[in-house]
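Just below is one structure, and these are the notes that go with it.
In the numbering used here, the protein residues as written are 36 to 119.
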């Protein structure tokens, strides 16, 4: 997955990652965070934000979420400013 992502094949990486998102615990959370990051890099900020919002509702005490949420919100705001 990382190789595909680094080569710019984010959709292939997302496809390979999909089964891992059904895992429980840290493995599932990590897979979802990577999925959100790939969606963000793909330019699909609404989907990345939605996924991170759902993860936050389930894991609000997990500190791994905060950098991802912050980055997504920053990119979302930046895109909104460029659009106006």
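No residue lacks a Cβ here, since even glycine has one placed at the ideal position from N, Cα and C.
Keep in mind it's a predicted model, so treat the numbers as computed, not measured.
Coarse secondary structure for residue i, derived from DSSP in three states
i, result
"residue 58", "coil"
"residue 112", "helix"
"residue 63", "helix"
"residue 89", "helix"
"residue 47", "helix"
"residue 77", "coil"
Rounded C-alpha distance that separates residue i from residue j
i, j, result
"residue 77", "residue 83", "10 angstroms"
"residue 86", "residue 112", "17 angstroms"
"residue 98", "residue 45", "25 angstroms"
"residue 117", "residue 91", "27 angstroms"
"residue 108", "residue 96", "19 angstroms"
Of the listed residues the options, nearest to residue i (C-alpha basis)
i, options, result
"residue 48", "63, 58, 73", "73"
"residue 63", "81, 43, 94, 118", "94"
"residue 106", "60, 71, 117, 96", "71"
"residue 100", "68, 109, 110, 115", "68"
"residue 104", "89, 118, 116", "89"
Contacts around residue i, its chain only, beta-carbon distance under 6 angstroms, and the 5 residues preceding and following it disregarded
i, result
"residue 55", "66"
Contacts around residue i, its chain only, beta-carbon distance under 7 angstroms, and the 5 residues preceding and following it disregarded
i, result
"residue 13", "The structure shown does not extend to residue 13, since the chain spans only 36 to 119, so no value can be given for it."
"residue 110", "75, 80"
Nonlocal neighbours in the same chain, by C-beta distance under 8 angstroms from residue i, ignoring five residues either side
i, result
"residue 52", "36, 66, 69, 70, 73"
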